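J.: One structure, as structure tokens, below. Some questions next.
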Amino acid sequence: MFDEKDNVIRYKWDAWTGSGYRLRFDAADAEHTYHVEDWNNHVVVDDYSCADIDEALVVLNRFFDIDVAQERSRIAGWLPQRLQ
91 MFDEKDNVIR YKWDAWTGSG YRLRFDAADA EHTYHVEDWN NHVVVDDYSC ADIDEALVVL
151 NRFFDIDVAQ ERSRIAGWLP QRLQ
């Protein structure tokens, strides 16, 4: 689920933690443009700062199975044009 206001894509909800995972794009952080983090409860799941989309997809794939190629294509439609 895309949230353009917060510049995030929300992923799988985890009933055990009462939260889920999200991918956040941060243009201001040049070294770690992507952040895989807990949706609501930042003390349960760490923030994984990633240098690029490939690294972020590897982190997401650790938590649950995703089709990396399909997800990369989906994310490309969400990113600002200058980053595609």
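Counting with the numbering used here, you get residues 91 to 174 for the letters of the sequence shown. Glycine included, each C-beta is placed from N, C-alpha and C at the ideal position. Values in this document were obtained by computation on a predicted structure and should not be read as measured data.
Starting from Ser109, follow its DSSP beta bridges and name the residues at the other end.
T.: In the DSSP output, where bridge partners are listed per residue, Ser109 has Asp104.
J.: In angstroms, rounded to a whole number, what distance separates the CA positions of Thr123 and Ala166?
T.: Thr123 and Ala166: Cα-Cα distance of roughly 14 Å.
J.: If we ignore side chains and look at the alpha-carbon of each, how far apart do Lys102 and Asp142 end up?
T.: Each residue's Cα considered, the two are about 21 Å apart.
J.: List the DSSP bridge partners of Arg114.
T.: In the DSSP output, where bridge partners are listed per residue, Arg114 has Val98, His125.
J.: Strictly by DSSP, which residues pair up with Ser139?
T.: DSSP output for Ser139 lists His125 as bridge partner(s).
J.: Is it true that the CB of His125 sits closer than 8 Å to the CB of Tyr36?
T.: Since the first residue of the chain shown is 91 and the last is 174, residue 36 is not available in this structure.
J.: Mind checking which residues open and close the alpha helix (DSSP H) that includes Ile156?
T.: Taken as a continuous stretch (DSSP letters only), Ile156 belongs to no alpha helix (DSSP H), as it is neither H nor E.
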